[in-house]
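From first to last, the protein sequence lines are chains A and B.
Every letter in the first sequence is one number past the one before it in numbering that gives the first Met the number 0, and letter 369, counting from 1, is 368.
Every letter in the second sequence is one number past the one before it in numbering that gives the first Met the number 0, and letter 296, counting from 1, is 295.
Note that beta-carbon positions come from the ideal geometry of N, C-alpha and C, so glycine has one too.
Just so it is clear, the structure is predicted and the values come from calculations on it, not from any experiment.
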Amino acid sequence: MSLAAEVRTQYEVVIGLEVHVQLLTQSKIFCGCSTRFGDPANTHTCPVCLGLPGALPALNREAVTMAMKAALALNCGINPRSRFARKNYFYPDLPKGYQISQYDEPLAEDGWLEIELNGAPKQIGVTRVHLEEDAGKSLHEGFPDSDRASYIDLNRSGVPLIEIVTEPDLRSPEEAYEFLTRLKTMMLYLEVSDCNMEEGSLRCDANISVRRAGVSEFGTKTEVKNLNSFRFLQRALAYEAERQIKVLEGGGEITQETRLWDSREQRTHGMRSKEFAHDYRYFPEPDLLPLTITEEWKEEARRSMPELPAARKQRFMREYALTDYDADQLTHSKALASYYEEVVKQGPDPKLAANWILSELMHLLNDAKKDITESTVTPRNLAELLTLIAQGKTSGKMGKEILAEMFASSRRAEEVMAEKGLRQIDDVEMIAAAAREVIAANPRQVEQYRNGKTATFGWFVGQVMKATRGQANPQRVQEVLKKELA
Amino acid sequence: MDLTALTADEVRELLRNKKASAEEVCREHLNRIRQKNPEVRAYLTLSEERALKQARKVDRLVAEGKPLPILAGVPVAVKDAIVTRGVRTTCASKILENYIPPYDSTAVARLEAAGAVILGKTNCDEFAMGSSTENSAYFPTRNPRNPDRVPGGSSGGSAAAVAANLATVALGSDTGGSIRQPAAFCGIAGMMGTYGRVSRYGLVAFASSLDHIGPFGRSVRDVARALKVIAGCDPADSTTADIPVPDYEATLEEDVRGVTVGVPQEYFNGLSPEIGDNIQKGIDRLAKLGCKIACISLPHTEYAIACYYIICTAEASSNLARYDGVRYGLRAAGHDGLREMYKKTRDAGFGAEVKRRIMLGTYVLSSGYYEAYYRKAQQVRSLIARDFLEAFDEVDVIVTPTSPIPPFKLGEKVDDPLQMYLADIYTVTASLAGIPGISVPCGLTRTEPHLPVGMQMLARHFDEARLLQVARAFEKSGGFELM
Chain A
0 MSLAAEVRTQ
10 YEVVIGLEVH
20 VQLLTQSKIF
30 CGCSTRFGDP
40 ANTHTCPVCL
50 GLPGALPALN
60 REAVTMAMKA
70 ALALNCGINP
80 RSRFARKNYF
90 YPDLPKGYQI
100 SQYDEPLAED
110 GWLEIELNGA
120 PKQIGVTRVH
130 LEEDAGKSLH
140 EGFPDSDRAS
150 YIDLNRSGVP
160 LIEIVTEPDL
170 RSPEEAYEFL
180 TRLKTMMLYL
190 EVSDCNMEEG
200 SLRCDANISV
210 RRAGVSEFGT
220 KTEVKNLNSF
230 RFLQRALAYE
240 AERQIKVLEG
250 GGEITQETRL
260 WDSREQRTHG
270 MRSKEFAHDY
280 RYFPEPDLLP
290 LTITEEWKEE
300 ARRSMPELPA
310 ARKQRFMREY
320 ALTDYDADQL
330 THSKALASYY
340 EEVVKQGPDP
350 KLAANWILSE
360 LMHLLNDAKK
370 DITESTVTPR
380 NLAELLTLIA
390 QGKTSGKMGK
400 EILAEMFASS
410 RRAEEVMAEK
420 GLRQIDDVEM
430 IAAAAREVIA
440 ANPRQVEQYR
450 NGKTATFGWF
460 VGQVMKATRG
470 QANPQRVQEV
480 LKKELA
Chain B
0 MDLTALTADE
10 VRELLRNKKA
20 SAEEVCREHL
30 NRIRQKNPEV
40 RAYLTLSEER
50 ALKQARKVDR
60 LVAEGKPLPI
70 LAGVPVAVKD
80 AIVTRGVRTT
90 CASKILENYI
100 PPYDSTAVAR
110 LEAAGAVILG
120 KTNCDEFAMG
130 SSTENSAYFP
140 TRNPRNPDRV
150 PGGSSGGSAA
160 AVAANLATVA
170 LGSDTGGSIR
180 QPAAFCGIAG
190 MMGTYGRVSR
200 YGLVAFASSL
210 DHIGPFGRSV
220 RDVARALKVI
230 AGCDPADSTT
240 ADIPVPDYEA
250 TLEEDVRGVT
260 VGVPQEYFNG
270 LSPEIGDNIQ
280 KGIDRLAKLG
290 CKIACISLPH
300 TEYAIACYYI
310 ICTAEASSNL
320 ARYDGVRYGL
330 RAAGHDGLRE
340 MYKKTRDAGF
350 GAEVKRRIML
360 GTYVLSSGYY
370 EAYYRKAQQV
380 RSLIARDFLE
390 AFDEVDVIVT
400 PTSPIPPFKL
410 GEKVDDPLQM
420 YLADIYTVTA
430 SLAGIPGISV
440 PCGLTRTEPH
450 LPVGMQMLAR
460 HFDEARLLQV
470 ARAFEKSGGF
480 ELM
């Protein structure tokens, strides 16, 4: 029972995101325990992150620097003084009964991130970026007594997070998807997070409302949680927007509530409001001093920031004469952009390299469901292939075959070319010999050609290519044929 | 010679001259505890094994002719709100009845590193909430000066242990007077340093922005020595100050002539003569020592109790959230589901006063009430702190009564929490301002049954040296006489 398109277009969707990003510090935010993922439960714990009586937090400076890098990349202002606050609630994987977070005095505020959808750039406001600690993990499955008991793993307790809150500037699930993608790219560039949604190092909640087009007030919003992948985010928001429109169209009202995305049923469920009727009783964390950011510290963070995607894209267009589209595609992933630059460093034409990476190599990678970091073709080997093509030692067509083999067997271009006989015949004498054979065998066509039916020239080229099993340099074949047929 | 009646300095001298061993001193104390503790009930848990091991370690130093650390062989009692590795730490609560911490508090670690011998853990009000030690979930402690009376609180066990010669020095914790008031009630000296002077790492939190660890002693010198050992910056407690700790003993005997002593009028309005007369005599004694006495005003004093009980309960409600039965401590049986486990555990594990404060604190932090209570209290706190800062422009030390009343009878006030809160009136102001304070004995009440009276001395932030100097001069002049 889908909504008619005419009805849908009468509404505008308004979305704001709350994104949690785990920082890649070596140790936790308030103690010296390791942040490593995947180790046996409760092996990275101490009195502080276990919330033992008498333990106190001590702030990890590295977490603050990383958070600042993220905030600066999101064009936020860093507050010279911010403060930690306690967010109080009971939950078994929250060992202290409160989370140390930031509330009315966050680390950074008032920034933006540019997204691009269908070629149109748009700035999405970033309300704030603040630091907080992660909670542990409740394990409800996989134990012999899981029907009766839950287990707690506190390895994650105290791992540093930043929370990024956007303005309600997003107008469609696609924009939300695009924002999260750009944000992830940014964090990966900065190397402050690995943004792995499966491991929980990137988490996203969304606030969504709809309003009739032209209305300036926001509609009542719902908060959608449990968005465990980029696809879920988009689907859940599409579902929720449509649900809200249907409610309004049916004369109903939207209830402000938290809804969970159920990926199996492909729908959102309202949570019993009691479960989320929290009063977090925030108050300043008395165990930590207010966080003072000096100009020097801020500069230290700024200096350690790498070139960001937008700047890299501009540079690619400038230095390598790439199109906007190609530069955008290449810089979308830091790893891909770096791969590209590694290739170009070896000497091949930058434009040619861009084409080959974005079409042929990406094709092979996608088919193999691999990431650029897992490419079996090293930048050096790809550059070698491109050089062989440029030098006419092999053709573009044969190059594709060679690349496929290189991809399959991790071998070098020269080697594959030699073994598979994919070397291009460039020798004029060899080509002339083949051409003469073709001419001798086809006197009628030769006569027609000489009588002015020059359109058959392409047929002669084809015949010579066939005779050389496709290995002759087509350019050379044309030159030779022109001479021989004259 | 009675090895339990010595000062820290005398213990060390004895060891150095090989007149007694640390083990003998330790055993003598353990014996006395066995005799006297059933009556005083100062200790909750003894750490005999740990104590003897440490005593023998000190004796080895003596035997090897190595230099003796400053608290070598000194028997110390530790309030049960301060964690000790491998030694049960209950906070006098049922909820931590069988809790054995896996780490040492910084203060205890520093004491042991200085040669002190930790005898055991002392009784207190549950989670340090109370003024009489009657809120202990286990049993009340009796005042060694008069067994019908309370020893004060919340660090009543520590004060009683020192007063009854069941330890030479003791650690207590002070949030709104919990060291100073029991020191006054038991007729000994007890001190709270500046907030940030002593690490709170390992002090089970009651109200983090007000909590302090501090020493009790039978002499000012012992207090100074113990404070010197436990004071100083600690990376594990971000609120400790990175300010050098002076050698308090080096300036202890300095002359106090010319020191200006402020007497805040607000602390004497309506004060009963049985306390007021002693304090006035104490002030006269200071004048005789050459101190200049000045009348001062701390105008926001009347708001201190309300302000204090809002802030401390707010912080307590959050600090005590971790006792949920999930990871350690009591977990109530017979629950059906998580919520019920929380409820039953906390209902069975916490006593009435703790529950009262958690509820008060939860209320003042709730949305809609935060501004009117918590925020307002923080503003008042700033005003109270400013009162002191302005006063210290004029004077070096402020003296007041420690408590408006002498030690009361066991059971006398347990049913009247408000009366109990009002007994903190003279001590909470310094806690709110974060300044250092000491309570020293100031005679006995004139009437029967002649109970100890304490005089509180306060000084500027990080001016503990001055405070100890004045306290020492007062002690030398005979001001400590309790007979």
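- Task: Measure the alpha-carbon distance for isoleucine 309/B versus tryptophan 260/A and round it to whole angstroms.
- Result: 41 Å
- Query: What do you reckon, is the C-beta of glycine 218/A under 7 Å from a heavy atom of the ligand NAD?
  - Reply: Only the bare structure without any ligand can be found here, which leaves the ligand NAD out of the picture.
- List the residues of chain B whose Cβ lies closer than 8 Å to the Cβ of phenylalanine 89/A, in chain order. Ala320, Asp323 and Tyr341
- Message: Measuring CB atoms only, is the stretch 63-78 of chain A touching the stretch 123-137 of chain A, in the sense that at least three cross pairs come out at less than 8 Å?
- Response: yes
- Where are the beta strand (DSSP E) runs, 3 residues long or more, that stay fully inside the stretch 106-171 of chain A, in chain order? 107-116, 119-132, 136-138, 150-152 and 159-165
- Measuring alpha carbon to alpha carbon, tell me which of Val219/B, Tyr302/B and Val258/B ends up nearest glycine 289/B. Val258/B
- Task: Note down the Cα distance separating serine 271/B from isoleucine 404/B, rounded to an integer number of angstroms.
- Result: 8 Å
- Query: Quick one: which chain B residues come within Cβ less than 8 Å of phenylalanine 315/A?
  - Reply: Correct list: empty, because the minimum Cβ distance to chain B is about 45 Å.
- Quick one: which chain A residues come within Cβ less than 8 Å of threonine 361/B? Arg280
- Item | isoleucine 242/B versus Asp210/B, Arg256/B and Val197/B, residue with shortest Cα-Cα distance | Val197/B
- Cβ-based neighbour list, glutamate 299/A, same chain, cut-off 8 Å, excluding 5 preceding and 5 following: Thr64
- Query: Quick one: which chain A residues come within Cβ less than 8 Å of aspartate 241/B?
  - Reply: Those within 8 Å of aspartate 241/B in chain A number zero; the least Cβ separation is about 11 Å.
- Query: Between the beta-carbon of serine 172/B and the beta-carbon of glycine 152/B, is there less than 8 Å?
  - Reply: no
- Message: Any beta carbon from chain A within less than 8 Å of threonine 140/B's own beta carbon?
- Response: no
- Message: Taking its Cβ as the centre, do 16 or more other Cβ atoms sit within 10 Å of tyrosine 324/A, making it buried, or is it exposed?
- Response: exposed
- Message: Counting C-beta neighbours from all protein chains within 10 Å, is the total for arginine 435/A 16 or more, i.e. buried, or is it exposed?
- Response: exposed
- Task: Apply the 10 Å Cβ neighbour rule to alanine 4/B and answer buried if 16 or more other Cβ atoms are within range, or exposed otherwise.
- Result: exposed
- Interface partners of leucine 49/A on chain B, CB under 8 Å: Arg326
- Could you tell me how far apart the beta carbons of glycine 114/B and leucine 45/B are, in whole angstroms, since I believe they sit closer than 8 Å? The Cβ separation is near 19 Å, so there is no contact.
- Message: Give me, in chain order, the residues of the same chain whose beta-carbon lies closer than 7 Å to that of glutamine 98/A; leave out the 5 immediate sequence neighbours on both sides.
- Response: Lys86, Glu131, Glu132 and Ala134
- Would you call cysteine 294/B buried or exposed, if buried means 16 or more other Cβ atoms sit within 10 Å of its Cβ? exposed
- Item | Sequence-distant residues of its chain with Cβ nearer than 7 Å to lysine 486/A (five each side left out) | For residue 486/A there is no data in the structure shown, the boundaries of chain A being 0 and 485.
- Item | Length of the line joining the Cα atoms of glutamate 418/A and glutamate 404/A | 11 Å
- Quick one: give me the first and last residue of the alpha helix (DSSP H) that glutamate 222/A is part of. Per DSSP, glutamate 222/A belongs to no alpha helix (DSSP H); it is in the beta strand (DSSP E), 221-226.
- Chain-ordered chain B contacts of tyrosine 97/A [CB-CB under 7 Å]: Ser317 and Ala320
- Would you mind sorting arginine 199/B into buried or exposed? The rule is 16 or more other CB atoms within 10 Å of its CB. buried
- Message: By the three-class DSSP mapping on this structure, what secondary structure does histidine 331/A have?
- Response: coil
- Message: For histidine 268/A, count the other beta carbons within 10 Å of its own beta carbon; 16 or more makes it buried, fewer makes it exposed. Which is it?
- Response: exposed
- Cα separation between tyrosine 307/B and aspartate 462/B? 23 Å
- Is the shortest distance between the beta-carbon of alanine 57/A and the beta-carbons of chain B less than 8 Å? yes
- Could you tell me which chain B residues have their CB closer than 8 Å to the CB of glycine 118/A, listed as they occur along the chain? Simply none; closest approach about 45 Å.
- Task: Give me the Cβ distance between methionine 190/B and glycine 213/B, rounded to the nearest whole Å; I'm assuming they're in contact under 8 Å.
- Result: 5 Å
- Message: So, at 7 Å on beta carbons, what are the nonlocal neighbours of tyrosine 98/B in its own chain, with the 5 sequence-adjacent residues on each side left out?
- Response: Arg87, Thr88, Thr89, Tyr327 and Gly328
- With 16 other Cβ atoms within 10 Å as the buried cut-off, status of glutamine 34/B: exposed
- Mind listing the chain B neighbours of aspartate 286/A? Cutoff is C-beta to C-beta under 9 Å, in chain order. Arg199, Ala204, Ser207, Ser208, Asp236, Ser237 and Thr238
- Task: Would you mind telling me which residues of chain A sit closer than 9 Å to proline 100/B, beta carbon to beta carbon, in chain order?
- Result: Pro46, Leu51, Pro52 and Gly53
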